[in-house]
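Peer 1: Below is a structure I'd like to ask you about.
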């Protein structure tokens with residue numbers, strides 16, 4: 004399998020598949036395909052053996068169904084474009100260690116990649132309107148591709164080293180990194196700070212990928228230009 008990333012602000016990932024090779028993605032991710040490619044929509048993919056495994060994946064932000072793309076006799080290619088301005092990262096998985104990613108981050112993965120629930124924590128209405136904070140976990144063997152919004156800032160944390168991050172800017176981190184949601188101290192910070200009530204505290208050792216653009220902040224910036232009912 005050959006992977007090619009094209010573009011900068013709105014990149015596209017194109018995968019050239021040899022006969023018998025597979026890749027799995029969310030049902031609405033396909034941008035284009037060429038050659039002999041068979042598509043199959045199923046709940047039993049990305050490590051899920053049946054319906055209830057797929058339900059667990061859906062709770063973590065993934066889809067109940069996934070689409071498998073398998074190359075036929077003469078091979079072919081499939082392409083997946085970024086949904087928001089940002090970057091697409093290739094994540095090798097070797098079985099022993101995995102990564103946790105933000106709940107909209109999974110773009111696609113090869114056969115053998117496992118997508119499951121990572122972290123779920125309720126944050127009330129302080130920041131996310133009661134939706135809480137959810138991360139997906141990538142594990143297994145193979146290669147996954149993860150989409151992060153805006154620019155990507157990488158931090159390699161030493162053992163015991165900590166960084167505090169607005170939860171929406173947590174893009175991905177190695178599963179050896181300790182993760183905890185903490186509350187912001189100080190009444191004035193909470194009431195007048197405008198940053199919500201919570202910060203994510205990540206403690207090394209391990210690598211952390213931070214994203215500069217979040218979908219809620221992008222939506223908020225565009226909201227004033229959108230038509231409203233009665234106007």
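Residue numbers (the numbering used here): 4 to 234.
All C-beta atoms in this analysis are idealised placements derived from N, C-alpha and C, irrespective of residue type, glycine included.
1. If you run the structure through DSSP and keep just helix, strand and coil, what is residue 221?
2. Have a look at the DSSP bridge pairing and note the partners of residue 97.
3. By DSSP, does residue 79 sit in helix, in strand, or in coil?
4. Taking just the CA atoms, how far does residue 85 sit from residue 15?
5. Specify the secondary structure class of residue 106 as computed by DSSP and reduced to three states.
6. Where does residue 226 sit, in a helix, a strand or coil, going by DSSP?
7. What are the residues that DSSP puts in a beta bridge with residue 155?
8. Considering only C-alpha positions, which residue in the set 92, 4 and 30 is nearest to residue 10?
9. Determine, using beta carbons only, whether residue 156 and residue 106 come nearer to each other than 8 Å.
10. Name the residue from 216, 5 and 178 whose alpha carbon lies nearest to the alpha carbon of residue 3.
11. For residue 200, tell me which candidate among 29, 17, 170 and 187 has the shortest Cα-Cα distance.
12. Quick one, which of 121, 108, 114 and 142 has its alpha-carbon nearest residue 218's?
13. Which of the three DSSP states, helix, strand or coil, is assigned to residue 196?
14. In angstroms, rounded to a whole number, what distance separates the CA positions of residue 83 and residue 205?
15. Rounding to the nearest angstrom, what Cα-Cα distance links residue 159 and residue 210 in this structure?
16. Using CA coordinates, which residue listed in 154, 24, 173 and 174 is at the minimum distance from residue 112?
17. For residue 163 and residue 216, I'd like the C-alpha separation in whole angstroms.
18. Decide if residue 170 is buried, meaning its Cβ has at least 16 other Cβ atoms within 10 Å, or exposed.
19. Have a look at residue 229 and residue 220 and give me their C-alpha separation to the nearest angstrom.
20. Could you say which of 31, 87 and 35 lies nearest to residue 19 if we only look at CA atoms?
21. Any idea if residue 154 is buried or exposed, counting beta-carbon neighbours within 10 angstroms, 16 or more meaning buried?
Peer 2: Checking against the coordinates, here is how it stands:
1. Within the chain shown, numbered from 1, the residue matching residue 221 stands at position 218. Residue 221 falls in the helix class under three-state DSSP.
2. As a first step, residue 97 must be located in the chain shown, where it is residue number 94. Looking at the DSSP assignment, residue 97 forms a beta bridge with 144.
3. Position 76 of the chain shown, counting from 1, holds the residue named residue 79. Residue state, collapsed to three classes: strand.
4. Taking the chain shown and counting its residues from 1, the one referred to as residue 15 is at position 12. Taking the chain shown and counting its residues from 1, the one referred to as residue 85 is at position 82. Looking at the two C-alpha atoms, the distance is approximately 6 Å.
5. Taking the chain shown and counting its residues from 1, the one referred to as residue 106 is at position 103. Of the three classes helix, strand and coil, the one that applies to residue 106 here is coil, per DSSP.
6. What you label residue 226 is simply residue 223 of the chain shown in a count that begins at 1. In the structure shown, residue 226 sits in a helix (DSSP, three-state: H, G or I).
7. Counting from one through the chain shown, the residue named residue 155 turns up at place 152. Paired residue(s): 214.
8. If you number the chain shown from 1, residue 10 lands on position 7. If we check each option's Cα against that of residue 10, 92 comes out closest.
9. Taking the first residue of the chain shown as 1, we reach residue 156 at position 153. Taking the first residue of the chain shown as 1, we reach residue 106 at position 103. Their beta carbons are not under 8 Å apart, which means residue 156 does not touch residue 106 by this criterion.
10. Since the first and last residues shown for the chain are 4 and 234, residue 3 lies out of range.
11. Taking the first residue of the chain shown as 1, we reach residue 200 at position 197. The shortest C-alpha separation from residue 200 is found at 187.
12. For the purposes of this step, residue 218 is identified with residue 215 of the chain shown, where counting begins at 1. Of the candidates 121, 108, 114 and 142, the one whose C-alpha sits nearest the C-alpha of residue 218 is 108.
13. Within the chain shown, the letter at position 193 stands for residue 196. Any reading at residue 196 must be qualified, since the residue scores a pLDDT of 40, below 50, and its modelled position is unreliable; no value is offered.
14. Working through the chain shown from its first residue, we reach residue 83 at position 80. Working through the chain shown from its first residue, we reach residue 205 at position 202. The straight-line gap from Cα to Cα measures roughly 30 Å.
15. As a position in the chain shown, residue 159 is number 156, starting the count at 1. As a position in the chain shown, residue 210 is number 207, starting the count at 1. About 4 Å.
16. The sequence position of residue 112 within the chain shown is 109, counting from 1. Considering only alpha carbons, the answer is 24.
17. Numbered from its first residue, the chain shown carries residue 163 at position 160. Numbered from its first residue, the chain shown carries residue 216 at position 213. Cα to Cα, residue 163 sits roughly 27 Å from residue 216.
18. Within the chain shown, numbered from 1, the residue matching residue 170 stands at position 167. Buried is the call here.
19. For the purposes of this step, residue 229 is identified with residue 226 of the chain shown, where counting begins at 1. For the purposes of this step, residue 220 is identified with residue 217 of the chain shown, where counting begins at 1. Their backbone Cα atoms lie some 15 Å apart in a straight line.
20. Along the chain shown, read from residue 1 onward, the residue named residue 19 stands at position 16. Nearest C-alpha to residue 19: 35.
21. Taking the first residue of the chain shown as 1, we reach residue 154 at position 151. Flag for residue 154 reads exposed.
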